[in-house]
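Quick mapping for you: the protein sequence lines, in order, are chains X and S.
What the first sequence shows, in my numbering, is residues 467 to 770, in sequence order.
What the second sequence shows, in my numbering, is residues 2 to 106, in sequence order.
All C-beta atoms in this analysis are idealised placements derived from N, C-alpha and C, irrespective of residue type, glycine included.
Being a predicted model, the structure only gives us computed values, none of them experimental.
In what follows, a single structure is set out as structure tokens and then discussed.
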Amino acid sequence: MAENYSQQYRGKVIHVYLGEGKADPPKPEVKKADTLYHKHMQELFDIIAPEAVSERIDAVNTQGELATATAELLREKSSARERYKEHKDFKRFVHELDGEWRGRELPHKLERFLLFSVMGSFYTGLDFVSNYLAEKTFLRKDITKIGLGKSGISLDAADTNGNRKALKAGWEMLSDKLIGLFSDKSVKETTNRDDVAFVSPISDALASVGNIAVSLATPSDKKPIHWLLNSIINPGSIEAGFRTLSAIPLAGAKVENMYIALNKQLLRGEGVLPYGFDVALTMLAAKETQKKDVELVLEHVAQK
Amino acid sequence: MKQNITQFIDIVRESKVLNAEQKRELLDNPALLPETYRERIAEILTNYNDRARAREMQLGSRVNDATKRFEQALDEVGVAPEEKQQLLEKLRQHTATLTMAAPAS
Chain X
467 MAENYSQQYR GKVIHVYLGE GKADPPKPEV KKADTLYHKH MQELFDIIAP EAVSERIDAV
527 NTQGELATAT AELLREKSSA RERYKEHKDF KRFVHELDGE WRGRELPHKL ERFLLFSVMG
587 SFYTGLDFVS NYLAEKTFLR KDITKIGLGK SGISLDAADT NGNRKALKAG WEMLSDKLIG
647 LFSDKSVKET TNRDDVAFVS PISDALASVG NIAVSLATPS DKKPIHWLLN SIINPGSIEA
707 GFRTLSAIPL AGAKVENMYI ALNKQLLRGE GVLPYGFDVA LTMLAAKETQ KKDVELVLEH
767 VAQK
Chain S
2 MKQNITQFID IVRESKVLNA EQKRELLDNP ALLPETYRER IAEILTNYND RARAREMQLG
62 SRVNDATKRF EQALDEVGVA PEEKQQLLEK LRQHTATLTM AAPAS
């Protein structure tokens, strides 16, 4: 306070010295401006606050409308049986129940079934060709080494060191990944959209685990069932299989729901499924190790 | 209100009333939602957005009018231009804070 007075006093002295004749009095308009400012802020608050309240009320009411719409949807979902009692039309009942189970109407079921069957067969064929090419080239029985020098991979017909099996599993994985990419690319090109894909995470994961299971667990690569399994297990064929089954009325609705639920789990990393795949892979690897151990023990006993 | 899935996605994304979780749920796989349900949801969200926009416009216009009156009042009492600018700047910041705090969405 004392400093303020001192400054004001010094101000007066300077003004007098400069010859203005008298010192300026403290500016009253500054105080007036502050008062006006606070008054205006109060006015703004009086304008904005009721709008904020009305917006909040509107938001609550709108959320209520959304909840009602969802509740109506759920109520509608269980009305097909009730309606059947009235119309007694079985075909209509199946159609309506299918729509309820799916949560939507699936158009062109037969066309979908045929299309995805053909697509699945095509991807199975591609996988078969890739396996066949491998068998006829670098996995041929008479090839004893792949690569040069010490860094090469040695092979033998009986596959005593397991390198042939490992190469086969690796090739299977690689060719499957390429088939998956090809199917995604073909869907993108066909639909002319970049934000769509064919293979879903569940098909990809199933193909990975399935391939290892088939590569490790199937003893003979000559059996047709092994060839068939090896060819079917790829992301494209599995995805096409899901979609083919989904196109079947009623049963397909359950497949579709399961497929969606599994994909959601994988995408969000929720539930036991993501860990389930890891567990399956570890168990398969352990099974194979155990088989090898038993073979070694038997061999040792035989030698003795 | 007839609309396709792309329109539905746009409406959900631009909604001022849905929170992030609700948007995620609706956008997760909109093709699986029944068309009638999608239409109803889109109608509710569009109506809300229209009302919110109208409220914003009305609010903006009333705030502008009040600010003009404030400027006139400052001129009338003879506030210096620099000080007036400072006050208006302060006012602009305070108004932004107030209006940002106001919307429920």
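DSSP state of K24 (chain S), grouped into three classes? When DSSP states are grouped into helix, strand and coil, K24 (chain S) belongs to the helix group.
Output the boundary residues of the alpha helix (DSSP H) element that contains I451 (chain X). Outside the shown range of chain X, which is 467 to 770, sits residue 451 (chain X), and nothing can be said about it.
Cα separation between Q73 (chain S) and K91 (chain S)? Distance between the alpha carbons of Q73 (chain S) and K91 (chain S) is about 17 Å.
Residue from X:G569, X:E571, X:D625 and X:G586 with nearest C-alpha to F648 (chain X): Answer by Cα proximity: X:G586.
Can the beta-carbon of L716 (chain X) be found closer than 7 Å to that of D564 (chain X)? Yes, they are a contact pair.
Note down, in chain order, every chain X residue with its Cβ under 7 Å from the Cβ of T7 (chain S). Chain X residues near T7 (chain S): none, gap ~11 Å exceeds 7 Å.
If we cut at 7 Å on Cβ distances, does P82 (chain S) have a partner in chain X? No, its Cβ sits nowhere closer than 7 Å to a Cβ of chain X.
DSSP three-state assignment for I612 (chain X), whether helix, strand or coil: Per DSSP, reduced to three states, the secondary structure at I612 (chain X) is strand.
If we ignore side chains and look at the alpha-carbon of each, how far apart do T603 (chain X) and E36 (chain S) end up? Between the C-alpha atoms of T603 (chain X) and E36 (chain S) there is a straight-line separation of about 53 Å.
State yes or no: is the beta carbon of H506 (chain X) nearer than 7 Å to at least one beta carbon in chain S? Closer than 7 Å: yes.
Near E495 (chain X), which residues of its chain fall below 6 Å by C-beta distance, leaving aside the five closest residues on each side in sequence? Confidence at E495 (chain X) is low in this model, with a pLDDT of 46, below 50, so the placement of that residue is unreliable and no value is reported for it.
Who are the Cβ neighbours of T656 (chain X) in its own chain at under 6 Å, not counting the five residues just before and after it? So no residue of the chain qualifies.
Tell me the residue span of the alpha helix (DSSP H) that contains I645 (chain X). Per DSSP, I645 (chain X) is one residue of the alpha helix (DSSP H) stretching across N629 to T657.
In the DSSP assignment, what residue or residues form a beta bridge with S620 (chain X)? For S620 (chain X), which the question treats as bridged, DSSP gives the partners X:K611.
Can the beta-carbon of A671 (chain X) be found less than 7 Å from the beta-carbon of W637 (chain X)? Against a cut-off of 7 Å, the Cβ pair of W637 (chain X) and A671 (chain X) comes out as no contact.
Determine the DSSP secondary structure at L572 (chain X), reduced to helix, strand or coil. In this structure, L572 (chain X) counts as coil in the three-state DSSP scheme.
Suppose the cutoff is 6 Å on Cβ atoms and the five residues either side in sequence are ignored; what does the same chain contact list for A518 (chain X) look like? The beta carbon of A518 (chain X) sits closer than 6 Å to none of the beta carbons in its chain outside the five residues before and after it.
Report the option in X:E736, X:I704, X:K720 and X:L694 whose CA atom is closest to the CA atom of V595 (chain X). Measuring from the Cα of V595 (chain X), the nearest candidate turns out to be X:L694.
Beta-carbon neighbours of E65 (chain S), restricted to chain X and to distances below 9 Å: Note that residue 65 (chain S) is Asn in the sequence shown here, rather than Glu. Proximity of chain X to N65 (chain S) at the Cβ level (cut-off 9 Å) is not reached, the minimal Cβ distance being about 11 Å.
Relative to the ligand GTP, is the shortest distance from any of its heavy atoms to the C-beta of S596 (chain X) smaller than 6 Å? Among the ligands in the structure shown, none appear at all, so the ligand GTP cannot be discussed.
If P31 (chain S) sits next to R41 (chain S), beta carbons under 8 Å apart, how far is it from one beta carbon to the other, in whole angstroms? Contact flag wrong, Cβ pair sits at about 13 Å.
Classify V680 (chain X) as buried or exposed, calling it buried when 16 or more other Cβ atoms lie within 10 Å of its own Cβ. Around the beta carbon of V680 (chain X), a 10 Å sphere encloses 16 or more other beta carbons of the protein chains shown; the residue is thus reported as buried.
Taking Cβ-Cβ distances shorter than 9 Å, what residues in chain S pair up with R659 (chain X)? Simply none; closest approach about 11 Å.
Quick check on this structure: which residue in X:K770, X:S674 and X:Q769 has the alpha carbon closest to the alpha carbon of V745 (chain X)? When only C-alpha atoms are compared, the closest one is X:S674.
Using the C-alpha atoms, what's the distance from S652 (chain X) back to V662 (chain X)? V662 (chain X) and S652 (chain X) have their C-alpha atoms roughly 10 Å apart.
In chain S, what lies closer than 7 Å to G429 (chain X) by C-beta? The structure shown does not extend to residue 429 (chain X), since chain X is modelled only from 467 to 770, so the question has no answer here.
Chain-order list of residues whose beta-carbon lies under 6 Å from that of A635 (chain X) (same chain, five-residue window excluded): Excluding residues within five positions, the ones whose Cβ falls inside 6 Å are S681.
Using a Cβ-Cβ cutoff of less than 8 Å, which residues in the same chain neighbour T96 (chain S) once the five nearest sequence positions on both sides are dropped? Result list for T96 (chain S): V64 and T68, in chain order.
What is the rounded straight-line gap between the Cα of L502 (chain X) and the Cα of V13 (chain S)? Straight-line Cα distance between these residues: approximately 43 Å.
Rounded to a whole number of angstroms, what is the C-alpha to C-alpha distance between N658 (chain X) and I691 (chain X)? Answer to the nearest angstrom: the Cα atoms are 38 Å apart.
Quick one: grab the DSSP three-state call for E72 (chain S). Note: E72 (chain S) maps to helix in three-state DSSP.
Which of helix, strand or coil does DSSP assign to T590 (chain X)? When DSSP states are grouped into helix, strand and coil, T590 (chain X) belongs to the helix group.
Can you tell me the Cα-Cα spacing of L572 (chain X) and G718 (chain X), whole angstroms? Rounded to the nearest whole angstrom, the CA to CA distance from L572 (chain X) to G718 (chain X) is 10 Å.
Does the pairing of the segment 43 to 59 of chain S with the segment 14 to 21 of chain S give three or more beta-carbon distances under 8 Å? Judged by Cβ distances under 8 Å, the segment 43 to 59 of chain S makes contact with the segment 14 to 21 of chain S, as three or more pairs qualify.
Beta-carbon proximity of S669 (chain X) to Y589 (chain X), cut-off 7 Å: No, the pair does not count as a contact, with Cβ atoms beyond the cut-off.
Residues of chain X with CB under 7 Å from K74 (chain S), in chain order? Looking at the sequence itself, residue 74 (chain S) is Ala, so the reference to Lys does not match. Those are L502, listed as they occur along chain X.
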